[in-house]
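Using the numbering used here, the first residue of the sequence shown is number 69, and each one after it goes up by one. Below is one structure, written out as structure tokens; comments come after it.
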Amino acid sequence: MHSYDVVVVGAGAAGLFCAGIAGQRGLKVLLIDHADKVAEKIRISGGGRCNFTNRDVGPANFLSGNPHYCRSALARYTPAHFIELVQRHGIAFHEKHRGQLFCDDSAEQIIRMLLAECGAGGVERWQPCSVAAVRQRGEGGFELDTQRGTVHAAKVVVATGGLPVPKIGATDWGLRLAKQFGHRIAEPRPALVPLTFDPNAWAPFAALAGLSLEVNIETGEGKKNTTRFLEDLLFTHRGLSGPGVLQISSFWQPGTPIRIALAAPALADTLRQAKGRTQRKFGNELAQHLPERLAQTWLAVHDLPADKPMPDVRDKDIARLVESLTRWTVQPMGTEGWRKAEVMAGGVDTRDLDSQTMASRLTPGLHFIGEVVDVTGWLGGYNFQWAWASAAACAQGL
Ligand code: FDA
Numbered sequence: 069m070h071s072y073d074v075v076v077v078g079a080g081a082a083g084l085f086c087a088g089i090a091g092q093r094g095l096k097v098l099l100i101d102h103a104d105k106v107a108e109k110i111r112i113s114g115g116g117r118c119n120f121t122n123r124d125v126g127p128a129n130f131l132s133g134n135p136h137y138c139r140s141a142l143a144r145y146t147p148a149h150f151i152e153l154v155q156r157h158g159i160a161f162h163e164k165h166r167g168q169l170f171c172d173d174s175a176e177q178i179i180r181m182l183l184a185e186c187g188a189g190g191v192e193r194w195q196p197c198s199v200a201a202v203r204q205r206g207e208g209g210f211e212l213d214t215q216r217g218t219v220h221a222a223k224v225v226v227a228t229g230g231l232p233v234p235k236i237g238a239t240d241w242g243l244r245l246a247k248q249f250g251h252r253i254a255e256p257r258p259a260l261v262p263l264t265f266d267p268n269a270w271a272p273f274a275a276l277a278g279l280s281l282e283v284n285i286e287t288g289e290g291k292k293n294t295t296r297f298l299e300d301l302l303f304t305h306r307g308l309s310g311p312g313v314l315q316i317s318s319f320w321q322p323g324t325p326i327r328i329a330l331a332a333p334a335l336a337d338t339l340r341q342a343k344g345r346t347q348r349k350f351g352n353e354l355a356q357h358l359p360e361r362l363a364q365t366w367l368a369v370h371d372l373p374a375d376k377p378m379p380d381v382r383d384k385d386i387a388r389l390v391e392s393l394t395r396w397t398v399q400p401m402g403t404e405g406w407r408k409a410e411v412m413a414g415g416v417d418t419r420d421l422d423s424q425t426m427a428s429r430l431t432p433g434l435h436f437i438g439e440v441v442d443v444t445g446w447l448g449g450y451n452f453q454w455a456w457a458s459a460a461a462c463a464q465g466l
């Protein structure tokens, strides 16, 4: 039987990174993945350029049943460490928006870098290869029944990721394995995902598909439980998307509303002053301050007189318009689901894991890293940073 110090299941971001470090520490490592292609999620990430980290990462950028769980790993393996690695491999990158770092050329460069690190650690990779069963051995360690035979591992690292985008290899294998070994699971749900609306209620806004603008967007009740982002929103045929909506989707609870400010309250004063200054029609004047399509649609939806010259527009109509724009309250019907989600919220419950080593508290030698764990980052490179940091913490502790 083949025997290894460590078998890592899942050759995505976290698995590749963990395997490389463990191999370079002198451990005999086998990396197994059932997909045909290595690290497909890295390949499609960041529009093909991989937003591989964020300059500014802290526990506040993550959702988890235990917000402190990620603290130690993030503090020990920081964005600066990953940036140093990227630079050592000669990968050019740039900052796009709020600390988000992307490859200048292609996400493939990150994959090649991770494979090179695995090569430097003498990591053996079996891919495609599936794992049918994992058993604890009486004398210690584990037996894994794989497509290429049974292997023995002193330690097993589960890095099988989350449920989004099943067509490129996502499975619930890691969650099922965790359950098999007695772990609790925080209910998985799609996060960083577009929101959908009742088709009838959405019909008036469907004409806005493709339109994007910066908004304040929030969800939750009461000051303490409200989450707010200032980011771009994108209208789609079925609902709302864009960075602001993806961010808020991770916090949104089904059955609750989302509040959006499409304009600032100061717009009311601006429009009232315009009454004495211009003969423009209401719709045309509003289009000076909002995208034209939004201005016209908004007036029509709210039954306001787009063709009335500004001097004739009533103050109460301006007040009603600005109230509707600054406090647009919508109730999503649902999300676009696993097909379109960027990450999984929920996962292996952190209460049963050690935050220093990512090890199971229930089964010695079993570890969980990356997205399969109940730690979910905001949009903007945070999820990859969690993959690197949890992988590094795990690999150092193997
Ligand atoms: P990952 O999904 O990378 O790897 C899991 C691996 O396990 C896969 O290779 C899979 O084939 C394998 N696997 C699954 N089941 C298995 C089984 N039963 N047996 C064997 N192998 C199995 N994040 C970010 O920070 N910046 C970004 O730019 C983006 N962009 C982005 C775009 C899109 C479209 C998506 C869907 C996601 C992102 N993300 C992102 C999120 C990011 O891709 C994600 O959080 C990390 O890839 C998670 O790393 P993991 O290694 O945990 O899982």
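All C-beta atoms, glycine included, are put in the ideal place defined by N, C-alpha and C.
Worksheet item: Less than 7 Å separating the beta-carbons of ARG117 and PHE150?
Response: Position 49 of the sequence shown, counted from the start, is the residue given in the question as residue 117. Position 82 of the sequence shown, counted from the start, is the residue given in the question as residue 150. Taking a C-beta distance under 7 Å as the contact criterion, ARG117 and PHE150 do not qualify as a contact pair.
Discussion item. So within the stretch 272–302, which uninterrupted beta strand (DSSP E) runs reach at least 3 residues, ignoring any that extend past its ends?
Written reply: Within the stretch 272–302, the complete beta strand (DSSP E) segments of 3 residues or longer fall at 280–287, listed in chain order.
Item to complete: Please report how far the alpha carbon of GLY80 lies from the alpha carbon of THR121, in whole angstroms.
Response: Here residue 80 refers to the residue found at position 12 of the sequence shown. Here residue 121 refers to the residue found at position 53 of the sequence shown. Looking at the two C-alpha atoms, the distance is approximately 15 Å.
Fill in: Neighbour flag for LEU301 against chain E, beta carbons, 7 Å
This model lacks chain E altogether; it includes just one protein chain.
Worksheet item: Out of curiosity, what's the CA-to-CA distance linking GLN347 and PRO377?
Response: On the sequence shown, residue 347 is found 279 positions in, with the first residue counted as 1. On the sequence shown, residue 377 is found 309 positions in, with the first residue counted as 1. If I take the Cα positions, the gap works out to 5 Å.
Practice prompt. State the DSSP-derived secondary structure class of SER428, mapped to helix, strand or coil.
Written response: As a first step, residue 428 must be located in the sequence shown, where it is residue number 360. Of the three classes helix, strand and coil, the one that applies to SER428 here is strand, per DSSP.
Item to complete: In angstroms with no decimal places, state the Cα-to-Cα distance between PRO322 and ASP213.
Response: As a working note, residue 322 is residue 254 in the sequence shown. As a working note, residue 213 is residue 145 in the sequence shown. Rounded to the nearest angstrom, the gap between the Cα atoms of PRO322 and ASP213 is 40 Å.
Worksheet item: Taking the alpha-carbon positions, what's the PHE249 to VAL154 distance?
Response: Taking the sequence shown and counting its residues from 1, the one referred to as residue 249 is at position 181. Taking the sequence shown and counting its residues from 1, the one referred to as residue 154 is at position 86. Between PHE249 and VAL154, the C-alpha separation is close to 36 Å.
Worksheet item: Can TRP456 and PHE161 be called in contact, C-beta distance under 7 Å?
Response: As a working note, residue 456 is residue 388 in the sequence shown. As a working note, residue 161 is residue 93 in the sequence shown. No, they are not a contact pair.
Worksheet item: Are the Cβ atoms of VAL390 and ALA227 separated by less than 7 Å?
Response: As a first step, residue 390 must be located in the sequence shown, where it is residue number 322. As a first step, residue 227 must be located in the sequence shown, where it is residue number 159. No. Outside cutoff.
Practice prompt. Please say whether TYR450 and ASN134 have beta carbons closer to each other than 7 Å?
Written response: Counted from its first residue, the sequence shown places residue 134 at position 66. Counted from its first residue, the sequence shown places residue 450 at position 382. The answer is no: Cβ separation not under 7 Å.
Worksheet entry | Span of the beta strand (DSSP E) around ASP240 | Locating residue 240 in the sequence shown gives position 172, where the first residue counts as 1. It is not in any beta strand (DSSP E) - ASP240 carries neither H nor E in the DSSP assignment.
Worksheet item: Counting only runs that start and end within the stretch 378–416, where is the alpha helix (DSSP H) found for 4 or more residues in a row?
Response: Whole alpha helix (DSSP H) segments, 4+ residues: 383–394.
Item to complete: Could you tell me whether any non-hydrogen atom of ligand 1 is closer than 6 Å to the CB of PRO232?
Response: Residue numbering aside, residue 232 sits at position 164 when the sequence shown is read from its first letter. Yes.
Worksheet item: Using a Cβ-Cβ cut-off of 6 Å (strictly less than) and excluding sequence neighbours within five positions of GLY190, which residues of its own chain qualify?
Response: Counting from 1 along the sequence shown, the entry for residue 190 is found at position 122. Correct list, in chain order: GLY91.
Worksheet entry | Under 7 Å between C-beta atoms of GLU353 and ALA342 | By 1-based counting over the sequence shown, the position of residue 353 is 285. By 1-based counting over the sequence shown, the position of residue 342 is 274. Yes, they are a contact pair.
Item to complete: With a 10 Å radius around its C-beta and 16 neighbouring C-beta atoms as the bar for buried, classify LEU142 as buried or exposed.
Response: By one-based count along the sequence shown, residue 142 stands at place 74. A residue is called buried when at least 16 other Cβ atoms come within 10 angstroms of its Cβ; LEU142 meets this threshold and is buried.
Discussion item. Need the endpoints of the alpha helix (DSSP H) that ASP213 sits in, please.
Written reply: Within the sequence shown, residue 213 is the residue found at index 145, counting from 1. It is not in any alpha helix (DSSP H) - ASP213 instead sits in the beta strand (DSSP E) that spans 210–214.
Worksheet item: DSSP on GLN347, reduced to helix/strand/coil?
Response: Working through the sequence shown from its first residue, we reach residue 347 at position 279. Here GLN347 sits in coil by DSSP.
Discussion item. Restricting to Cα atoms, I'd like to know which of TRP320, VAL443, ALA259, THR444 is closest to ARG296.
Written reply: Here residue 296 is taken as the residue at index 228 of the sequence shown, counted from 1. Ranking TRP320, VAL443, ALA259, THR444 by Cα distance to ARG296 puts TRP320 first.
Worksheet entry | Those residues which DSSP pairs with SER309 across a bridge | The residue you call residue 309 lines up with position 241 of the sequence shown. Bridge partners of SER309: LEU302.
Fill in: Selection from GLY88, VAL441, ALA274, LEU243 that minimises the alpha carbon distance to TRP493
An answer regarding residue 493 cannot be provided, because it is not within the stretch 69 to 466 covered by the chain.
Worksheet item: Going by DSSP, which residues form a beta bridge with ILE467?
Response: Any property of residue 467 remains undetermined from this structure, which presents the chain solely from 69 to 466.
Item to complete: Rank ALA355, PRO234, ILE285 by C-alpha distance to the C-alpha of ILE328 and give the top, closest one.
Response: The count along the sequence shown starts at 1 and reaches residue 328 at position 260. Nearest of ALA355, PRO234, ILE285 to ILE328, Cα basis: ILE285.
Fill in: Buried versus exposed call for ASN119 [16 or more other C-beta atoms within 10 Å across all chains shown]
As a position in the sequence shown, residue 119 is number 51, starting the count at 1. Residue burial annotation: ASN119 is buried, with at least 16 other C-beta atoms found within 10 angstroms of its C-beta.
Worksheet item: VAL225 and HIS435: beta carbons closer than 7 Å?
Response: Walking along the sequence shown from the start, residue 225 turns up at place 157. Walking along the sequence shown from the start, residue 435 turns up at place 367. Taking a C-beta distance under 7 Å as the contact criterion, VAL225 and HIS435 qualify as a contact pair.
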